[in-house]
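Below: the structure, in structure tokens.
Protein chains in written order, with the numbering used here: chain A, 3 to 277; chain B, 8 to 225.
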């Protein structure tokens, strides 16, 4: 019996050591990843990496337009960044609790969010679009009435659909992320998905076998601007706005934009929104 | 910490609806899980190795994989394959019952095996068949012994039903997340949800305690 319990403890300790080793390894990796001078402060950036092409996981690494942009902006402002994938809802909680320095995750700037958070100047223009099967008879957002619509919980797509169907209507299904919402559509559990145009178009383009099409509706879905989100009263906001402006002017922004979307960005429109 | 009671009040009707669904799904999960679990537990006790194998595999698979993963497989795989479209309620019932059945099976097996061999021998010597002695002598005693671990399992099941929020089944946690998504506040929705689950599990353990007392022969 004694021998057995000794072995048991040995296994437990081995586990604890293995786990703690994992932890320290990770730290070393991330600091090595950031490289750079020790004097540069490393900011904790949180995101929801389930939103290609803005941010998604590529074999354990977070990649995407937002990732490249925030790295460039932070570099311009003189910071290192460590990006963590937290998920959409926890991300807001982390920023609200000031446990992270900033968040970049295709977050639309709106008045509700401004009550709790600070935002940078807009860095991206987007509109919501409706993703439907090719044989669907939905032609505009008004046709969504009486249909089952899947969205990502807490997004502006949800707000836009709520405005049409009524808030918390039972036909509005709220999912953890857009991938699940689109899967629900593919499996026949929903008639349409409403999400940002880039995500919808990227999905339809990458999955031609799913027979999906997307439609715009400028009447019901107003243009939206993405911003970098900070905790209320963050000092970083001014520094990042300045850095972002520099990148917009010197062509770095346009280069990253073209890498991901293949077209020229409408920089004047973005700058017109900045105040 | 400032709590905005006005938004809790606004979401109260949704939480109520969610609670009813959570209760419904849990009852279905408990009932179907118990019946299935009993059958699987008995199946695992079959002496013939080949005949008991499917039951052993069932328990290994459903106990050895996370319920969260099972929910996605059921929601996007099994339910659409059978019904043609996804259906959150069906997912909830199927995933919860299949998962709890694996645990209940082991609980019943333990209960049955804990009954003294002499009970079966005595029943058989009175001329009862094997299945009759199982039904009238062994199982009632085994069931009584299984109640405390079953109570544990059912409480876990009620709480685990919250995982269904991930596939938009409108139970308690779903509305908690919806509320969080609308107001970007964490305390109000999640404390409310926690309180609801606490009340549900308290009621459930109280009921099972009553049942235990009624079946007690001491």
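Ideal placement from N, C-alpha and C gives every residue a C-beta, glycine not left out.
| query | result |
| --- | --- |
| Does DSSP put residue 191/B in a helix, in a strand, or in coil? | coil |
| Using the Cα positions of residue 89/A and residue 60/B, report the straight-line distance between them to the nearest angstrom. | 41 Å |
| Return no unless some Cβ of chain B is closer than 7 Å to the Cβ of residue 206/A. | no |
| May I ask you to report which of helix, strand or coil DSSP gives residue 73/B? | coil |
| Using 7 Å as the threshold, is the C-beta distance between residue 130/A and residue 196/A below it? | yes |
| Note down, in chain order, each residue of its chain lying with its Cβ closer than 6 Å to the Cβ of residue 108/A, except the 5 sequence neighbours on either side. | 53, 56, 228 |
| Using a Cβ cut-off of 8 Å, pull out every chain A residue sitting near residue 12/B, in sequence order please. | Those within 8 Å of residue 12/B in chain A number zero; the least Cβ separation is about 18 Å. |
| Show which residues of chain A have a CB atom less than 7 Å away from the CB atom of residue 97/B. | Under the 7 Å cutoff, chain A gives no residues; its nearest Cβ is about 10 Å from residue 97/B. |
| Between which two residues does the alpha helix (DSSP H) containing residue 147/B stretch? | 146–167 |
| Mind listing the chain B neighbours of residue 146/A? Cutoff is C-beta to C-beta under 9 Å, in chain order. | What residue 146/A touches in chain B: nothing, since even the nearest Cβ is about 16 Å away. |
| Does the beta carbon of residue 89/B sit closer than 7 Å to a beta carbon anywhere in chain A? | no |
| Name the two residues that bound the continuous alpha helix (DSSP H) containing residue 88/A. | Neither: residue 88/A is in no alpha helix (DSSP H) and is coded neither H nor E. |
| Does DSSP classify residue 125/A as helix, strand or coil? | coil |
| Decide if residue 73/B is buried, meaning its Cβ has at least 16 other Cβ atoms within 10 Å, or exposed. | exposed |
| What is the DSSP secondary structure of residue 215/A, reduced to helix, strand or coil? | strand |
| On the criterion of 16 or more Cβ atoms from any shown chain inside 10 Å, does residue 121/B qualify as buried, or is it exposed? | exposed |
| Quick one: does residue 59/A have its CB under 7 Å from some CB of chain B? | no |
| Just mark residue 37/A as buried or exposed, buried being the case when its beta carbon has 16 or more other beta carbons within 10 Å. | Reliability fails at residue 37/A, whose pLDDT of 44 lies under 50, so the model's placement of it is uncertain and no value is given. |
| Note down, in chain order, all residues in the region 191–220 of chain B with a beta-carbon under 7 Å from any beta-carbon belonging to chain A. | 191, 193 |
| Alpha carbon to alpha carbon, what distance is there between residue 123/B and residue 33/B? | 33 Å |
| Can you list, in chain order, the residues of its chain with a C-beta nearer than 6 Å to that of residue 58/A? Leave out the 5 residues immediately preceding and following it. | 51, 66 |
| Using 8 Å for Cβ pairs, my map puts residue 226/B next to residue 131/B. What's the rounded Cβ distance? | Here chain B has residues from 8 to 225 only, and residue 226/B is not among them. |
| Going by Cα to Cα distance, which pick from 80/B, 66/B, 90/B is closest to residue 47/B? | 66/B |
| Is residue 133/B helix, strand or coil when you go by DSSP? | coil |
| In the DSSP assignment, find the unbroken alpha helix (DSSP H) run with residue 269/A in it and report its ends. | 269–275 |
| Identify whether residue 27/A lies in helix, strand or coil by the three-state DSSP scheme. | In this prediction, residue 27/A has a pLDDT of 44, which is less than 50 and means its spatial position is unreliable; nothing more can be read from the coordinates. |
| Mind checking who residue 82/A pairs with in its DSSP beta bridge? | 44/A |
| So is residue 185/A in contact with chain B if we call contact Cβ pairs under 7 Å? | yes |
| Starting from the Cα of residue 172/A, find the closest Cα among 191/A, 272/A, 133/A, 274/A and give me that residue. | 191/A |
| Helix, strand or coil for residue 75/A, going by three-state DSSP, please let me know. | helix |
| Taking its Cβ as the centre, do 16 or more other Cβ atoms sit within 10 Å of residue 224/B, making it buried, or is it exposed? | exposed |
| Would you mind stating whether residue 245/A and residue 123/A have Cβ atoms separated by less than 7 Å? | no |
| Could you give the distance in angstroms between the alpha-carbon of residue 109/B and the alpha-carbon of residue 82/B? | 19 Å |
| Per DSSP, which one or two residues make a beta bridge with residue 63/A? | 60/A |
| Do residue 120/A and residue 239/A come within 7 Å of each other at the CB atom, strictly closer than that value? | yes |
| Alpha carbons only, please: which of 164/B, 116/B, 169/B, 171/B is nearest the one belonging to residue 146/B? | 116/B |
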